[in-house]
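So for the sequence shown, the numbering used here puts the first residue at 1128; every next one is plus one.
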Amino acid sequence: MTKRFCKMDRREIASQLGEIHQLVAAPKYLCRSCARASSSKSSLCKPQAIPNLKSKNKPLAVKVAALPEQTSIAENQRPQTLLMAESVSAFDINLPSLGKKQLKQAKKALKKQRKYHKKLAKLAKKKVKQLQKREKLEGKLNKYNGILRVLSHKQVLQGSAEQVH
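Rendered as structure tokens:
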């Protein structure tokens, strides 16, 4: 079979049903675009290996324990205020005592929490930039105000000198 499953029409599928059944009976690959399964890569347009059943049957707590800790350079360089906010809102979760539904809800909550922390960090960074820009503009304004005062003072002196003569 040289043609991909997603390119086949009804008549081709009907004529090659036995061969298709052999390929689909014990699938090893799954197409990422059309979601078809097959035991050979050549019959799929974007094949991706299906994980083993052994890893699927492992308990969720074992899978979570096997994952590496999530630490990165970006997290270590966060502003001090965000680190304090995270430490206040952080809490320990005992994975074995939670049910699947509770675990799923906890993961969703954690995902939302990370999302909002990311938004807060972005807003804090933006606020710092705005403050720096404001200080810079105020400095320029003060500089030009000083020049205007000097010029107006010189005009006053010239005007009083002309009145004296």
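Virtual Cβ for every residue (Gly too), placed ideally from N, Cα, C.
- In the DSSP assignment, residue 1175 forms a beta bridge with 1157.
- Within a 10 Å sphere around the beta-carbon of residue 1268 sit fewer than 16 other beta-carbons, which makes this residue exposed.
- In the three-state DSSP reduction, residue 1166 falls in the coil class, being neither helix nor strand.
- DSSP, reduced to helix, strand and coil, places residue 1226 outside both helices and strands of the structure shown, so it counts as coil.
- When 1138, 1161, 1165 are compared, the shortest CA-CA separation from residue 1147 is found for 1165.
- Taking C-beta atoms under 8 angstroms as the contact rule, residue 1157 and residue 1131 fail to qualify, at a distance of about 13 angstroms.
- Excluding the 5 residues flanking it on each side, residue 1160 has same chain C-beta neighbours closer than 7 angstroms at 1172, 1173, in chain order.
- In the three-state DSSP reduction, residue 1138 falls in the helix class (H, G or I).
- DSSP places residue 1149 inside the alpha helix (DSSP H), whose first and last residues are 1144-1152.
- Rounded to the nearest whole angstrom, the CA to CA distance from residue 1274 to residue 1261 is 20 angstroms.
- A straight line joining the alpha-carbon of residue 1153 with that of residue 1254 spans about 57 angstroms.
- In the three-state DSSP reduction, residue 1131 falls in the coil class, being neither helix nor strand.
- No Cβ-Cβ contact shorter than 8 angstroms links residue 1155 with residue 1141.
- If the five residues before and after residue 1151 are omitted, its C-beta is found closer than 7 angstroms to the C-beta atoms of 1164, 1165, all from its own chain and listed in chain order.
- Taking 8 angstroms as the cut-off, the beta carbon of residue 1225 is found closer than this to the beta carbon of residue 1233.
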